[in-house]
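Written out below as structure tokens is the structure these notes cover.
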Amino acid sequence: MNSLTLLQVAWVALRVNLLRSILTMLGIIIGVAAVIIMLALGAGARYDVDQQIKSLGGNVFVVFARGRFMGGAREASGSSQGLTEMDAQAIEQQISEVNVAAPTLRASGQLIYGNLNWAPEIHGVDNKIYTAQSWELAEGRSFSDTELASAGRVAVIGQTVKRELFGAADALGQTVRVNKMPVTVIGVLKGKGQNTQGNDQDDLIFMPLDTVRKRIAGMTLSSPKAVRSIIVQVTDERDMSIVEQQLDSLLRQRLRITDNQSGFSIRNLAEMVETRSQTMQIFNGLLAAVASVSLLVGGIGIMNIMLVSVTERTREIGLRMAVGAEPRIILKQFLVEAVLLCAMGGLIGLTLAVAVSLGLEHFAGFTAIIQPQVVVMSLGFSCLIGVFFGYYPATKAARMQPIEALRFE
Amino acid sequence: MSHTVVETKALEKDYRMGGQHLRALKDISIRIAEGDFVAVMGPSGSGKSTFMNMIGCLDAPSRGQILLQGAALTQLSAAALAKVRNKYIGFVFQQFNLLPRTSALDNVLLPLLYNNTPRDEAKARAQACLQLVGLGDRLDHQPSQLSGGQQQRVAIARALVNDPALILADEPTGALDTETGLEVMQLLQQLHQQGKTIVLVTHESDIAAFASRQLLFKDGNLVSDRSSIPHSAAAELALLRQQRIKEVAE
């Protein structure tokens, strides 16, 4: 009996008991679907984190100015001896592994346009920010040198700000008020969307450093060129630890810090995101493990039904033996039935998983990625379950004595 | 003397039931020749079914020998016996034993699946056999769509499909009414006339009378072996139908 005939015979046997076959498959269907969905969500979360790291730049440090202890009392952050634009220049020029060092300032304020208002993050930047944080312009232009040098009243706005204030209308050339000061919109950034923490990355506007420093923050800064932070992009990700050491020693020297009370801190944002995402990965792994237990339970269901089926079809087995089926072929037939059940269950489970993943993506905003190796693995595994749990019932069938089987009532 | 299909030599079979030994067959030596139509008779427990299982290679003897087409059957593995059954023996059972929800054609095809007959040839042979038993127009019918007599004819077609040396019919009329029982016997007689060797197991003497040789078993012994001129199933069927018509007319 060739394998095609075996497959046909098994197919007919399953079709004859259609409802029972489907119910038996249900265990495998749910198991396979659960495993694939969990792994897809895990892979999706991983992808989100990677995307965020990419958008932050996996090769980016942020240097913050921090208050120092002065005779036991901590000064307010950024209040004295802070970082300046010159520090950013120095980092860029003196550390060869650094691609770009972008100085930034942050302020808050109210934007007013017509009768609408909005309160985004206001970032004082120069044009290096585009490289350092991978921003791109959707329309308009970045700051000119004159605007940067003379505290020009211009702004580049994020997608969220544009939507809230202008809607579908053109934002370029419009004048908005930032804390009562009129500012012209010269550019709109391309959207980045939410980060993994659910924060809107597009809810911000860029203005020249000097504009923010002098006209908005009105901060009593110790230096006329003071900044809050410097975003440092390293050319090659492998040089991150070298650059971190060099940044530390360079800034200590420039800020004349001799003790351990450092006036700045260096943070690797990608690393922070990575740490936070690890918890999520463990959780996802756990869920996938629970799902695979359900696959195992499905396998036991297959064995159960196959045993019932063997008993119920004792006369059929007797007849097949009487007309010439060798025990080996009876064994194969029931094994093929079990594997076919599991394989079809696996396929249906896979289809279900694809549908659920698409649904989760569209309606719940998850990222779900079904990796090809997961598909192959889960289908292979369900076939293996068929062999494993089908073997005992098949052996039971093959060991029957034809006369006893024929007489079975 | 014609060719021997099956021969038993001092055949014995013991069963162990609840610690007791039961000798189901005692010293049976029989020769069945090609073209014989043998009825094996006896009350239940006489050993007739055990005898049929032995010559049908469904069970192994405790002692003695069975020669099928001249070859000894003792000490064959389960797999080897399955091959022998497939090649040399066609079974017809009291309860038909057709696969449910499977077409008549596929039921008849079953023995051919186990000897790797090419699909087209197998189909042609199964069709021919169904035509031979008068069911050429019911190839696609499932057992549940066929009457008892038709189901038994499908079973006979299945027994014929490998052109076996021996057809073993175990109470083939047991589950049928008199008329359809006669129809089945008529079919078996036709097959016999075409040269088939048939062994029929029955406890009804008027069914056994359609065979040309009667073996009578009692308590595991063969008590008589005689040849007779067989009754004609066709004639009895005609008579029965005439009576029916008369009854209706009255």
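Chains as they are written, first to last, in the working numbering: chain A, 109 to 517; chain B, 807 to 1056. Every residue, glycine too, gets a C-beta built ideally from N, C-alpha and C. Bear in mind the structure is a predicted one, so any value in this text is a computation, not a measurement.
Quick one: is residue i near chain A, going by C-beta distance under 7 angstroms?
i       : result
B/A888  : yes
B/S883  : no
B/N859  : yes
B/L1046 : no
B/R869  : no
B/M823  : no
B/L941  : no
B/L831  : no
B/L936  : no
B/L828  : no
B/L916  : yes
B/H1037 : no
Which bits of chain B does residue i rub up against, with CB to CB less than 9 angstroms?
i      : result
A/R423 : Q901 and N903
A/T113 : L919, N922 and R925
A/R128 : Those do not exist, as A/R128 stays about 13 angstroms from chain B at its closest Cβ, beyond 9 angstroms.
Contact criterion: CB-CB distance below 7 angstroms. Does residue i meet it with respect to chain B?
i      : result
A/L511 : Note that residue 511 of chain A is Ile in the sequence shown here, rather than Leu. Yes - at least one Cβ of chain B is within 7 angstroms of the one on A/I511.
A/V124 : yes
A/L427 : yes
A/W119 : no
A/K504 : no
A/R507 : no
So residue i contacts chain B; which residues on that side make the cut at Cβ distance below 7 angstroms?
i      : result
A/A430 : L864, R891 and F897
Cα-Cα, which of the options is closest to residue i?
i       : options                              : result
A/E244  : A/K300, A/L219, A/A151 and A/R323    : A/K300
B/N892  : A/I138, A/A433, A/L297 and A/S402    : A/A433
B/E818  : B/T810, B/K832, B/H809 and B/G825    : B/K832
A/A397  : A/M146, A/L115, A/T132 and A/A118    : A/M146
B/Q875  : B/G1026, B/F857 and B/Y894           : B/Y894
B/V1007 : B/G841, B/L918 and B/T856            : B/T856
A/A513  : A/T239, A/M414, A/M429 and A/E382    : A/M429
A/N167  : A/L443, A/E352, A/D253 and A/V269    : A/E352
A/A141  : A/E469, A/A461, A/R436 and A/E272    : A/A461
B/A877  : B/A934, B/K815, B/Q958 and B/L1028   : B/K815
A/V495  : A/I339, A/K298 and A/K440            : A/K440
A/D347  : A/I365, A/A153, A/N125 and A/F169    : A/F169
B/F899  : B/Q1020, B/A975 and B/Q1048          : B/A975
B/D1012 : B/R944, B/E977 and B/P906            : B/E977
B/L919  : B/N968, B/C935 and B/L887            : B/N968
B/G1026 : B/C863, B/A1055, B/K1052 and B/Y821  : B/Y821
B/A1041 : B/Q995, B/P917 and B/E1056           : B/Q995
A/G406  : A/T113, A/G139, A/G150 and A/L468    : A/G139
A/V293  : A/V335, A/M380, A/P332 and A/R261    : A/R261
B/S1034 : B/L1021, B/A1044, B/L1046 and B/C935 : B/L1021
Mind reading off the beta-carbon distance from residue i to residue j? Whole number of angstroms is fine, and I expect it under 8 angstroms.
i      : j       : result
B/V846 : B/L972  : Not quite, the Cβ-Cβ distance comes to about 12 angstroms (not below 8 angstroms), so this is no contact.
B/F902 : B/A961  : 5 angstroms
A/S337 : A/F172  : 5 angstroms
A/F556 : A/L358  : For chain A, the structure presents residues 109 to 517; residue 556 of chain A sits outside this window and is missing.
B/M860 : B/V1005 : Not a contact, Cβ separation roughly 11 angstroms.
B/L915 : B/A930  : Contact flag wrong, Cβ pair sits at about 11 angstroms.
A/A209 : A/I199  : 4 angstroms
A/S402 : A/A148  : 16 angstroms between Cβ atoms; not a contact.
A/E345 : A/V157  : Contact doesn't hold; Cβ gap of about 16 angstroms is too wide.
Listing by chain order, which chain B residues have their CB less than 8 angstroms from the CB of residue i?
i      : result
A/P435 : A884, A885 and A888
A/N110 : N922
Residues of chain A with a CB under 7 angstroms from the CB of residue i: which are they?
i      : result
B/R907 : V124
Could you tell me which uninterrupted alpha helix (DSSP H) segments, each at least 4 residues in length, are contained entirely in the segment 432-498 of chain A, listed from first to last along the chain?
-> 435-471
Mind pulling the alpha helix (DSSP H) runs of 4 or more residues that sit fully within the segment 230-265 of chain A?
-> 237-240 and 253-257
In chain order, which continuous runs of the beta strand (DSSP E) of length 3 or greater are located wholly inside the segment 372-401 of chain A?
-> 372-376
Whole runs of the alpha helix (DSSP H) within the segment 843-916 of chain B, excluding any shorter than 4 residues | 854-861 and 884-894
In chain order, each beta strand (DSSP E) run of at least 3 residues that lies wholly inside the segment 943-1027 of chain B = 972-976, 1004-1008 and 1019-1024
Length at least 3, wholly inside the segment 288-358 of chain A: the beta strand (DSSP E) runs in chain order | 289-297, 312-316 and 337-342
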